[in-house]
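Protein chains in written order, with our numbering: chain A, 21 to 146; chain B, 21 to 146.
Encoded as structure tokens, the structure appears first; notes follow it.
Number of protein chains: 2
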Amino acid sequence: MKSIRNTVAKNEIHKLIAGSTVALSQAELQAATKGLCDRVTIYRILDRLTQEGLIHKVLNVDGVMKYAGCADTCKAQHKHDHIHFSCQKCKSLTCLAGVEASYRLPAAYTVMEANFTLSGICPNCT
Amino acid sequence: MKSIRNTVAKNEIHKLIAGSTVALSQAELQAATKGLCDRVTIYRILDRLTQEGLIHKVLNVDGVMKYAGCADTCKAQHKHDHIHFSCQKCKSLTCLAGVEASYRLPAAYTVMEANFTLSGICPNCT
DNA sequence: CAAATAAACGCAACTAAGTTGCACTTACAA
DNA sequence: TTGTAAGTGCAACTTAGTTGCGTTTATTTG
Ligand SMILES: [Mn+2]
Ligand SMILES: [Mn+2]
Ligand SMILES: [Zn+2]
Ligand SMILES: [Zn+2]
């Protein structure tokens, strides 16, 4: 059984993501931590936190991966079907925690994951 | 007024996209055309076709851009709010032309574009 | 507390997608 | 037919993400 260890870098990065209202990219985390650890280490920490179910990935509209903290309600059962919003002005990517999309697609499709992202102007930039 | 010219490469690539049931990436188009033109040229052709409103972009779940033909109904007014399906087995990305998602998000958000992609198993792979 | 060990890390090298600059070629309008 | 701006090829570059490997360190166990 491969155990997962706690390290300073991991805790710091988890705290940053959990305390952020917007999803963060590896580059943003690296800038925010300024030499705390190597960039490769950040990628590996993000993988671990994702595996542990503490954060979830969101692909931004520019193709760059961002990471957001899992909500409290997520602890019971992970479900990340909420819509995300990508602001074209401030470039922020936000989890719209409560907002889910409904759709009806032809059967024969088996859905395993949903990736819904709207882009436009966020409230802060209006 | 900058005009847009027709070239062999452009026509060939447009035909490939228009005749495909799935969205295609630059790499896939390059493989399908085998030395028709440089890879940079493919990127530039894709940009032009997009600008002309003949194709539209779809970001795949792996962060790679794919391109799909615009539907006939699209000629009246472009609107690409339909859902896309990304198959985890055959890696295909399909426009679900008729299928749109409905959602209700907090006002104060101004939506300009929608990017809805479901992933799972497509009918061909079931 | 000390030693063992597997997880975590740093660094260098690599891949893959996409972009840019510039000289050369070609579609097409005049 | 010819001038010219649009299109192309090639080399170089950027940025995100991955991999291999030798070294460090958190945690377990005696
Ligand atoms: Mn979660
Ligand atoms: Mn269209
Ligand atoms: Zn989210
Ligand atoms: Zn589409």
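All C-beta atoms in this analysis are idealised placements derived from N, C-alpha and C, irrespective of residue type, glycine included.
Small disclaimer: the values here were computed from a predicted structure and weren't measured.
Out of the options, state which residue places its alpha-carbon closest to the alpha-carbon of residue i.
| i | options | result |
| --- | --- | --- |
| serine 106/B | Gly73/B, Met85/B, Ala52/B, Tyr63/B | Met85/B |
| glutamine 108/B | His102/A, Leu49/A, Thr130/A | Thr130/A |
| tyrosine 123/B | Asp101/B, Leu113/B, Leu79/B | Asp101/B |
| leucine 74/B | Asn80/B, Ala91/B, Val119/B | Ala91/B |
| threonine 41/B | Ala96/B, Thr114/B, Ala128/B | Thr114/B |
| cysteine 110/A | Thr93/A, Lys99/A, Cys142/A, Asn80/A | Cys142/A |
| aspartate 82/A | Cys145/A, Leu138/A, Lys22/A | Leu138/A |
| alanine 127/A | Cys94/B, Ala134/B, Ile62/B, Thr146/B | Thr146/B |
Terminal residues of the continuous beta strand (DSSP E) containing residue i?
| i | result |
| --- | --- |
| threonine 114/A | 113-120 |
| leucine 138/B | 130-141 |
| isoleucine 24/A | Run containing isoleucine 24/A: none; DSSP gives neither H nor E here. |
| alanine 88/A | 85-89 |
| histidine 102/B | 102-107 |
Who are the Cβ neighbours of residue i in its own chain at under 7 Å, not counting the five residues just before and after it?
| i | result |
| --- | --- |
| phenylalanine 136/A | Ile103, His104, Ala121 |
| lysine 190/B | Outside the shown range of chain B, which is 21 to 146, sits residue 190/B, and nothing can be said about it. |
| leucine 56/A | Ala29, Glu32 |
| asparagine 80/A | Lys86, Ser106, Leu113 |
So the alpha helix (DSSP H) residue i belongs to, where does it begin and stop?
| i | result |
| --- | --- |
| valine 60/B | 59-71 |
| valine 78/B | Not the alpha helix (DSSP H): valine 78/B falls in the beta strand (DSSP E), residues 75-79. |
| isoleucine 37/A | 28-38 |
| alanine 127/A | Note, alanine 127/A: premise wrong, no alpha helix (DSSP H); not H, not E. |
| alanine 52/B | 46-53 |
Leaving out five residues on either side along the sequence, give the residues of the same chain with a beta carbon under 8 Å from the beta carbon of residue i.
| i | result |
| --- | --- |
| leucine 44/A | Leu36, Ile37, Ala52, Lys86, Tyr87, Ala88 |
| arginine 68/B | Ile24, Lys30 |
| asparagine 144/B | Cys107, Cys110, Ser112 |
| histidine 98/B | Gly73, His76, Cys90 |
| threonine 61/B | Ala29 |
Under 6 Å Cβ to Cβ from residue i, same chain only, skipping five residues before and after it: list those, please.
| i | result |
| --- | --- |
| arginine 59/A | Gln50 |
Looking at chain A, which residues of the segment 121-141 of chain B have a Cβ within less than 8 Å of any of its Cβ atoms?
Ala121, Ser122, Tyr123, Arg124, Leu125, Pro126, Ala128, Tyr129, Thr130, Val131, Met132, Glu133, Ala134, Asn135, Phe136, Thr137, Leu138, Ser139, Gly140, Ile141
Near-chain A residues of the segment 55-80 of chain B - C-beta to any C-beta below 8 Å: Leu79
(message) Beta-carbon distances below 6 Å to any heavy atom of ligand 4 define the shell here; list its residues in chain order, please.
(response) For ligand 4, the residues with a Cβ under 6 Å from any of its heavy atoms are, in chain order, His76/B, Val78/B, Ala88/B, His100/B, His102/B, His104/B, Cys115/B.
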